[in-house]
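Student: Below is one structure. I have some questions about it.
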Amino acid sequence: MSDNFLRNTWYVFAWSDEIDGKPVGRKIIGDHIVCFRGRDGLVALADSCPHRFVPLSLGSVNDGLLECAYHGLRFGAEGRCVFNPLGDPPDRAVVKTYPVVERNGVIWVWTGDPALADPDSIADFSFLTAPGRATVTGYAHVSADYQLAIDNLSDLTHIQFIHRDFQASEAYPRLEHKTWQDGDDVYRSLTFPNGRPAAFLQGFLSPDHLIDFTVETRWTLPSNVKLTATVTEPGAPEQYLIGNDSAHLVTPEDDGSCHYFYAHSRDYGVGDPVADEKVREWQRIGFGEQDKPVLEAQQRRLGHRDIMQLRPVILPTDVGGVRARRILAQRIAHERRGEPAPQAMED
Amino acid sequence: MSDNFLRNTWYVFAWSDEIDGKPVGRKIIGDHIVCFRGRDGLVALADSCPHRFVPLSLGSVNDGLLECAYHGLRFGAEGRCVFNPLGDPPDRAVVKTYPVVERNGVIWVWTGDPALADPDSIADFSFLTAPGRATVTGYAHVSADYQLAIDNLSDLTHIQFIHRDFQASEAYPRLEHKTWQDGDDVYRSLTFPNGRPAAFLQGFLSPDHLIDFTVETRWTLPSNVKLTATVTEPGAPEQYLIGNDSAHLVTPEDDGSCHYFYAHSRDYGVGDPVADEKVREWQRIGFGEQDKPVLEAQQRRLGHRDIMQLRPVILPTDVGGVRARRILAQRIAHERRGEPAPQAMED
Amino acid sequence: MSDNFLRNTWYVFAWSDEIDGKPVGRKIIGDHIVCFRGRDGLVALADSCPHRFVPLSLGSVNDGLLECAYHGLRFGAEGRCVFNPLGDPPDRAVVKTYPVVERNGVIWVWTGDPALADPDSIADFSFLTAPGRATVTGYAHVSADYQLAIDNLSDLTHIQFIHRDFQASEAYPRLEHKTWQDGDDVYRSLTFPNGRPAAFLQGFLSPDHLIDFTVETRWTLPSNVKLTATVTEPGAPEQYLIGNDSAHLVTPEDDGSCHYFYAHSRDYGVGDPVADEKVREWQRIGFGEQDKPVLEAQQRRLGHRDIMQLRPVILPTDVGGVRARRILAQRIAHERRGEPAPQAMED
Numbered sequence: 577m578s579d580n581f582l583r584n585t586w587y588v589f590a591w592s593d594e595i596d597g598k599p600v601g602r603k604i605i606g607d608h609i610v611c612f613r614g615r616d617g618l619v620a621l622a623d624s625c626p627h628r629f630v631p632l633s634l635g636s637v638n639d640g641l642l643e644c645a646y647h648g649l650r651f652g653a654e655g656r657c658v659f660n661p662l663g664d665p666p667d668r669a670v671v672k673t674y675p676v677v678e679r680n681g682v683i684w685v686w687t688g689d690p691a692l693a694d695p696d697s698i699a700d701f702s703f704l705t706a707p708g709r710a711t712v713t714g715y716a717h718v719s720a721d722y723q724l725a726i727d728n729l730s731d732l733t734h735i736q737f738i739h740r741d742f743q744a745s746e747a748y749p750r751l752e753h754k755t756w757q758d759g760d761d762v763y764r765s766l767t768f769p770n771g772r773p774a775a776f777l778q779g780f781l782s783p784d785h786l787i788d789f790t791v792e793t794r795w796t797l798p799s800n801v802k803l804t805a806t807v808t809e810p811g812a813p814e815q816y817l818i819g820n821d822s823a824h825l826v827t828p829e830d831d832g833s834c835h836y837f838y839a840h841s842r843d844y845g846v847g848d849p850v851a852d853e854k855v856r857e858w859q860r861i862g863f864g865e866q867d868k869p870v871l872e873a874q875q876r877r878l879g880h881r882d883i884m885q886l887r888p889v890i891l892p893t894d895v896g897g898v899r900a901r902r903i904l905a906q907r908i909a910h911e912r913r914g915e916p917a918p919q920a921m922e923d
Numbered sequence: 577m578s579d580n581f582l583r584n585t586w587y588v589f590a591w592s593d594e595i596d597g598k599p600v601g602r603k604i605i606g607d608h609i610v611c612f613r614g615r616d617g618l619v620a621l622a623d624s625c626p627h628r629f630v631p632l633s634l635g636s637v638n639d640g641l642l643e644c645a646y647h648g649l650r651f652g653a654e655g656r657c658v659f660n661p662l663g664d665p666p667d668r669a670v671v672k673t674y675p676v677v678e679r680n681g682v683i684w685v686w687t688g689d690p691a692l693a694d695p696d697s698i699a700d701f702s703f704l705t706a707p708g709r710a711t712v713t714g715y716a717h718v719s720a721d722y723q724l725a726i727d728n729l730s731d732l733t734h735i736q737f738i739h740r741d742f743q744a745s746e747a748y749p750r751l752e753h754k755t756w757q758d759g760d761d762v763y764r765s766l767t768f769p770n771g772r773p774a775a776f777l778q779g780f781l782s783p784d785h786l787i788d789f790t791v792e793t794r795w796t797l798p799s800n801v802k803l804t805a806t807v808t809e810p811g812a813p814e815q816y817l818i819g820n821d822s823a824h825l826v827t828p829e830d831d832g833s834c835h836y837f838y839a840h841s842r843d844y845g846v847g848d849p850v851a852d853e854k855v856r857e858w859q860r861i862g863f864g865e866q867d868k869p870v871l872e873a874q875q876r877r878l879g880h881r882d883i884m885q886l887r888p889v890i891l892p893t894d895v896g897g898v899r900a901r902r903i904l905a906q907r908i909a910h911e912r913r914g915e916p917a918p919q920a921m922e923d
Numbered sequence: 577m578s579d580n581f582l583r584n585t586w587y588v589f590a591w592s593d594e595i596d597g598k599p600v601g602r603k604i605i606g607d608h609i610v611c612f613r614g615r616d617g618l619v620a621l622a623d624s625c626p627h628r629f630v631p632l633s634l635g636s637v638n639d640g641l642l643e644c645a646y647h648g649l650r651f652g653a654e655g656r657c658v659f660n661p662l663g664d665p666p667d668r669a670v671v672k673t674y675p676v677v678e679r680n681g682v683i684w685v686w687t688g689d690p691a692l693a694d695p696d697s698i699a700d701f702s703f704l705t706a707p708g709r710a711t712v713t714g715y716a717h718v719s720a721d722y723q724l725a726i727d728n729l730s731d732l733t734h735i736q737f738i739h740r741d742f743q744a745s746e747a748y749p750r751l752e753h754k755t756w757q758d759g760d761d762v763y764r765s766l767t768f769p770n771g772r773p774a775a776f777l778q779g780f781l782s783p784d785h786l787i788d789f790t791v792e793t794r795w796t797l798p799s800n801v802k803l804t805a806t807v808t809e810p811g812a813p814e815q816y817l818i819g820n821d822s823a824h825l826v827t828p829e830d831d832g833s834c835h836y837f838y839a840h841s842r843d844y845g846v847g848d849p850v851a852d853e854k855v856r857e858w859q860r861i862g863f864g865e866q867d868k869p870v871l872e873a874q875q876r877r878l879g880h881r882d883i884m885q886l887r888p889v890i891l892p893t894d895v896g897g898v899r900a901r902r903i904l905a906q907r908i909a910h911e912r913r914g915e916p917a918p919q920a921m922e923d
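Chains as they are written, first to last, in the working numbering: chain F, 577 to 923; chain A, 577 to 923; chain X, 577 to 923.
In structure tokens form, the structure reads like this:
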């Protein structure tokens, strides 16, 4: 088992709308898991039939049960085979179950001790289904360690370079940034003061309209980021113009790869399919063609080494990512030693 | 050398019509072998030139000899270089030869001690070239251990699920099955009693015609299955309607992958190219899109582990596959200890 | 570090025209290196930003410096970060530099101790930019050890077989060949006497014109070959008809793969785009479809083993390749022991 992952935590498994009539299989923190909607609602099981070890996710939902594609054994919410088409279900035909919760369009799976699974510990992403907003979701598989994706999100100064065509701001040299902590949540805020709107805002604001542009990130355990982008009148944070909340939900697949679920929820252009398409295009390019290749190239350079082994140069802008890594590392170390989760670290 | 393969046995190397004017290279049980038709007939050699180790299968048949693609050395039936375009053939330029037999459209290669190679020990597949029948052959490379393919063929209850669209029968819940042994050959029979024809039979029988459908498999060492499908009047096995013999010849490529040669030989629609095409389509879908992905997914779950290490749930329908695995394991163990092949195991 | 490579030597990194406004990254002898043209001319650096280890070759040249794609740090000729868009350049942000030389359209990088880098030790390929000639360059990535490519070039008897369609000669059975040495340079010459022109010459000579065709190769450390092809009147080497010099510059990428830079420079059809296209087509087929697949198949047969471990049959025509391997092996052994490069080996 890899030392790289927290187990007693909730990971994002899928967007709600990814799972309809068919089972969906995904590997998270090295475990193959299948999720389906059956007669007992949403169920998450080990994705391997105990008979011949074929992935159950190749099967289908039949009579509200998950039917194996190979010989038709059917499994229910408790992970037990409850139907064998040619006889009694074998006693030993039982697979592991995982606690699963659906909330605000997100399906979360708990990978650790089921007795500790508390849905109240899931971070708040209720903006995803808040009324009066338009939300566009997406997914990218990234062949890079999840902590590299978190580093990326914890230091948004990269948007000036990686996402130059959409997001570069003439105010960059005057950038103000700060980092703070609330319990185990790490916050960072970047303000690009008194500049013209970046390209991605120019459909919604006049190119000559000088603005303050602020992006605030909230990292929560294990590896999820809420990002709030706000446009205000220069020097007047109370004079709100438009805004955009986004979710960046990163789930380790295994060592060296992760699932990246993203969503952008805006309060402008609501109900406008052209604006939706613009967001979708931006997601496709921004994550698929810009972040993903950089993260994957970074991973190829690192190989099997942890980035810290290579003694990276640390910049002042790395402070948020460093804190998130430290909190996560301490939690993992506690878990390995079998100790209860510590109180939130002091700032 | 892998412990997973019997060496003193005949393996299917190719269909006869795969080898015409050009040499064909294939890896079987980890050995690279090239087969060609030359001045001494069919020849099988180690597929590696002793000069620069380029595969001889990249070369060509020239003057009835196998000519290396790189520098033109030519090799004959004894594996000896008998022609060097720029001088005498070097004494040391000799490659290993393999006993090879062509029978009923199948090319068999013996991978063990040549002194023990007895063509009479090749199982009977003479139906493949029997008169008055129409036979369609094909090939699939499968990235799964050959024993997983044998398990698949030894328990045909899977056809109701994997091949549902072609072969699912309403009589499945009433399925009768039995297993028996004759020497080292393992037989299994499944009867779907008194049901309407499955989809793949509906071009040849009226959809309302109630039938008994029986499939009998004969597994022979090392890993080849003859399958006889018979349609009879319900309750009257002597009232034969139509039938279909098929060969499922599985040759290990190496650990975790195999060659799957299949052929269907029928006594209906003989000479009808539309019926041929229907079989070919069924083979392409049935093996290529249905069995192969399931076997490969199974292999990915197993990784480098043998399936028995994972303590699979065993169903009554697995008895044929379990016997075949046991017979094969005993033969391999005998061979590893240098003992002669045992008498056929008792039933 | 692999024992397979000489480090104190110049390797070809690129053709000059491959590097214009954008940086180019390539791995040579296992080192990731980036080359760009900046305010200080041509620069070669370790291709990894010391901040987050993203390849610098993903970045761009900005203000004559190499800018990292991720956070905009910029690096100059000394490998030092000289610009940080959000503050002072960090002291520790320095990457390794490599001596780099551009000569006759070729960019050479020195991978060893910079103090020993002497551009005068670069072998002469000045024909590449000599006036009155037409030169066509190209590149192929080959998944085979660089020494297999050198073996290929050191024994051109293979052209009769691998390049049969272009280069086979009816004079092959009368081939004369010799090998000699000048210092550490290994020369070989092959003459196809008194034959009709091979196919690739038939656009330039009458098919009935009997000729002597001579190819001479000069191998120089570490792995570069100059090949001179000359067509003369039969038995009259002084009666020169046409000729062709080519460069075959092989750079190890890592164990088991190499970069193959090739160029053909001719004194006929100069200024004729049809003749250029013919050369380009020949390069594409000759290297891409003929040499490359053979070398890669050879490498797959060898796996991680050195060819010498397998005790290959040695032919008289292998003498040039054997000498080149021996000289290279001795140089590498000297370097590993920390001794100065030896005097050129005696013939």
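Think of the CB as a built atom: it goes at the ideal place given N, C-alpha and C, for glycine as much as any other residue. Here the structure is a predicted model, which is why all the values come from computation and not from measurement.
Of the choices L878/X, D831/X, R887/X, whose alpha-carbon is the least far from that of L582/X?
Tutor: D831/X
Student: Taking the Cβ atom as the reference point for each residue, do P626/X and V889/F lie within a distance shorter than 8 Å?
Tutor: yes
Student: Hey, would you say V807/A sits closer than 8 Å to V712/A, going by beta carbons?
Tutor: no
Student: Taking the alpha-carbon positions, what's the W586/A to Y722/X distance?
Tutor: 39 Å
Student: Can you give, in chain order, each stretch of the beta strand (DSSP E) that sits fully within the region 776-851 of chain X and has at least 3 residues?
Tutor: 787-796, 800-809, 812-830, 833-842
Student: Can you tell me whether DSSP reads E915/X as helix, strand or coil?
Tutor: Looking at E915/X - three-state DSSP - the assignment turns out to be coil, as it is neither helix nor strand.
Student: Residues of the region 724-746 of chain X in Cβ contact with chain A at a cutoff of 9 Å, in chain order, please.
Tutor: Among the residues of the region 724-746 of chain X, those with a Cβ less than 9 Å away from any Cβ of chain A are L724, D727, N728, D731, T733, H734, Q736, F737, I738, in the order of the chain.
Student: Return the residue from the list H717/F, L825/F, V600/F, N638/F that minimises the CA-CA distance to E865/F.
Tutor: H717/F
Student: Around the C-beta of Q743/F, are 16 or more other C-beta atoms found within 10 angstroms, so that it is buried, or is it exposed?
Tutor: buried
Student: Going along chain F in order, which residues have a C-beta closer than 7 Å to the C-beta of P892/A?
Tutor: G663
Student: Taking the alpha-carbon positions, what's the P783/F to P813/F distance?
Tutor: 20 Å
Student: Put T585/F into one of helix, strand or coil per three-state DSSP.
Tutor: Assigned with DSSP and collapsed to three states, T585/F falls in coil, not helix or strand.
Student: Quick check on DSSP: helix, strand or coil for N728/F?
Tutor: helix
Student: Just the Cα atoms here: how many angstroms apart are G614/F and W684/A?
Tutor: 50 Å
Student: For the 8 Å Cβ check, are there 3 or more pairs between the region 733-751 of chain F and the region 656-663 of chain X?
Tutor: The region 733-751 of chain F is in contact with the region 656-663 of chain X.
Student: Applying a beta-carbon distance threshold of less than 9 Å, which residues of chain F neighbour P626/X?
Tutor: Simply L886, R887, P888, V889.
Student: Helix, strand or coil for V637/F, going by three-state DSSP, please let me know.
Tutor: strand
Student: For H840/F and S822/F, which I take to be in contact (beta-carbon distance under 8 Å), what is that distance rounded to the nearest angstrom?
Tutor: 5 Å
Student: Going by the DSSP bridge assignment, what does W756/A pair with across the sheet?
Tutor: Y763/A
Student: In its own chain, which residues sit with a C-beta less than 8 Å from the C-beta of N770/X, not counting the 5 before and 5 after it?
Tutor: A747, R750, L786, I787, D788, P810, G811
Student: With a cut-off of 8 Å, does the C-beta of A748/F fall near any C-beta of chain X?
Tutor: Checking the sequence shown, residue 748/F turns out to be Tyr, not Ala. With 8 Å as the cut-off, Y748/F counts as an interface residue toward chain X.
Student: Let me see if you follow: with CB-CB separation under 8 Å, is G648/A close to chain X or not?
Tutor: yes
Student: So which of A710/A, V676/A, Y763/A has the shortest CA-CA distance to I726/A?
Tutor: Selection A710/A, V676/A, Y763/A evaluated against I726/A yields Y763/A as nearest (Cα-Cα).
Student: Give the single residue among W795/A, D843/A, P828/A whose Cα lies nearest to the Cα of Y816/A.
Tutor: D843/A
Student: Taking the C-alpha atoms as reference points, what is the distance between G648/F and T793/A?
Tutor: Cα to Cα, G648/F sits roughly 21 Å from T793/A.
Student: Just checking: is the beta-carbon of V630/F within a distance shorter than 8 Å of some beta-carbon in chain A?
Tutor: Cβ-Cβ to chain A under 8 Å: yes for V630/F.
Student: Using the Cα positions of N638/X and N728/F, report the straight-line distance between them to the nearest angstrom.
Tutor: 23 Å
Student: Find out if the Cβ-Cβ distance for the pair A620/F, V671/F is shorter than 8 Å.
Tutor: no
Student: Of the residues that make up the region 867-883 of chain F, which ones have a beta carbon closer than 7 Å to any beta carbon in chain X?
Tutor: V870, A873, Q874, R877, L878, I883
Student: Return no unless some Cβ of chain F is closer than 8 Å to the Cβ of P599/X.
Tutor: No - not a single Cβ of chain F is within 8 Å of the one on P599/X.
Student: Under 7 Å Cβ-Cβ, which residues of chain F neighbour R668/X?
Tutor: V889
Student: Label A873/F either buried or exposed according to how many other C-beta atoms from any shown protein chain fall within 10 Å of its C-beta, with 16 as the threshold for buried.
Tutor: buried
Student: From the DSSP output, read off the bridge partner residues of V627/A.
Tutor: Rather than Val, the amino acid found at residue 627/A in this sequence is His. In the DSSP output, where bridge partners are listed per residue, H627/A has none listed.
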